[in-house]
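K.L.:
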Amino acid sequence: DTGVSQNPRHKITKRGQNVTFRCDPISEHNRLYWYRQTLGQGPEFLTYFQNEAQLEKSRLLSDRFSAERPKGSFSTLEIQRTEQGDSAMYLCASSLRGSAYEQYFGPGTRLTVT
Amino acid sequence: LAKTTQPISMDSYEGQEVNITCSHNNIATNDYITWYQQFPSQGPRFIIQGYKTKVTNEVASLFIPADRKSSTLSLPRVSLSDTAVYYCLVDGGSQGNLIFGKGTKLSVKP
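Protein chains in written order, with our numbering: chain A, 1 to 114; chain B, 1001 to 1110.
#1: So residue 91 of chain A contacts chain B; which residues on that side make the cut at Cβ distance below 9 Å?
#2: Given this structure, state the Cα-to-Cα distance separating residue 1041 of chain B from residue 22 of chain A, to the nearest angstrom.
#3: If we count Cβ pairs, one from each stretch, closer than 8 Å, do we get three or more for the region 1023 to 1042 of chain B versus the region 1060 to 1072 of chain B?
#4: Using 8 Å as the threshold, is the C-beta distance between residue 1029 of chain B and residue 1101 of chain B below it?
#5: I want to verify the contact list: residues of chain B whose CB lies under 8 Å from the CB of residue 54 of chain A, in sequence order.
#6: What's the gap between the Cα of residue 80 of chain A and the Cα of residue 62 of chain A?
#7: Do residue 26 of chain A and residue 47 of chain A come within 8 Å of each other at the CB atom, strictly closer than that value?
#8: Identify whether residue 98 of chain A lies in helix, strand or coil by the three-state DSSP scheme.
#9: Grab me the residues of residue 70 of chain A's own chain with a C-beta within less than 7 Å of its C-beta, minus the 5 sequence neighbours each way, in chain order.
#10: Considering only the beta carbon of each residue, do residue 1074 of chain B and residue 1064 of chain B sit closer than 8 Å?
#11: Note down, in chain order, every chain A residue with its Cβ under 8 Å from the Cβ of residue 1099 of chain B.
#12: Alpha carbon to alpha carbon, how far is residue 11 of chain A from residue 38 of chain A?
#13: Are residue 77 of chain A and residue 43 of chain A touching if we call contact CB-CB under 8 Å?
#14: Answer yes or no: does any C-beta atom of chain B fall closer than 8 Å to that of residue 74 of chain A?
#15: Could you say if the region 1011 to 1021 of chain B and the region 92 to 112 of chain A meet the contact criterion of at least three C-beta pairs nearer than 8 Å?
#16: Please name the residue, chosen from A:102, A:59, A:66 and A:114, that lies closest to residue 85 of chain A on a Cα-to-Cα basis.
#17: Alpha carbon to alpha carbon, how far is residue 64 of chain A from residue 40 of chain A? Give it in angstroms, no decimals.
#18: Count the other CB atoms, across all protein chains shown, that sit within 10 Å of the CB of residue 97 of chain A; report buried if there are 16 or more and exposed otherwise.
#19: Which value, in whole angstroms, describes the spacing of the CA atoms of residue 1079 of chain B and residue 18 of chain A?
#20: Between residue 60 of chain A and residue 1017 of chain B, what straight-line distance do the alpha-carbon atoms span, to the nearest angstrom?
#21: Under a three-way DSSP split, which group does residue 1050 of chain B fall into?
See below:
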């Protein structure tokens, strides 16, 4: 399977702990996006990378959130000092630069903060 | 960014054609119209994109009238596996930060 993969698929953590998620995009895609989705809502954009450069961050991405894509391949999203309101599905997507609106999504990481 | 309005939910039966209409009255000249499909516990999947008139692929057709203030996603002969949430998006930027609404939850019954 050469699609977008995300790990872990599920994460349960206690409030105040730090968590890190990983996304492996489709290998030839130079753009990588992170979204967050809560129950009954559509995905909300968080941030995106073109190669290793983080080009845009949503206001939803508080200073407790940080994302990296160190070599322009996989990406990590870290949440520090998790809060219950961080409970959501975190989705990663990738695309080619010239096809930014045709994004390929991974299965997501479901985070539950207790 | 253009705002979209689409029905919250729709019901259909297997074998029927389903048309989901999306309103985007404030669409800008350089905006494209894109539709995504999302099954439970999966990420969204790109279905189709268009600018004007009609676009067809192996999954669906997209009809866009001349004023481009609305669009209709047409799914021919739906099956139970087409039960999903369908999102209509419009945006003219080149950055690809997709703006999703709540979508239309389509339920296909036997």
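Just so you know, even glycine gets a beta-carbon here, dropped at the ideal spot from N, CA and C.
P.N.:
From the atom records:
#1: 1043 and 1044
#2: Taking the straight line from one Cα to the other gives about 18 Å.
#3: Yes: the two stretches touch, three or more of their Cβ pairs being nearer than 8 Å.
#4: Cβ atoms of residue 1029 of chain B and residue 1101 of chain B: not closer than 8 Å.
#5: Under the 8 Å cutoff, chain B gives no residues; its nearest Cβ is about 12 Å from residue 54 of chain A.
#6: 10 Å
#7: No. Outside cutoff.
#8: helix
#9: 52
#10: no
#11: Near residue 1099 of chain B (Cβ distances below 8 Å), the residues of chain A are 45.
#12: 15 Å
#13: no
#14: no
#15: Fewer than three pairs of CB atoms, one per stretch, sit closer than 8 Å, so the region 1011 to 1021 of chain B makes no contact with the region 92 to 112 of chain A.
#16: A:114
#17: A straight line joining the alpha-carbon of residue 40 of chain A with that of residue 64 of chain A spans about 24 Å.
#18: Residue 97 of chain A is exposed by the Cβ-count criterion.
#19: 43 Å
#20: 38 Å
#21: strand
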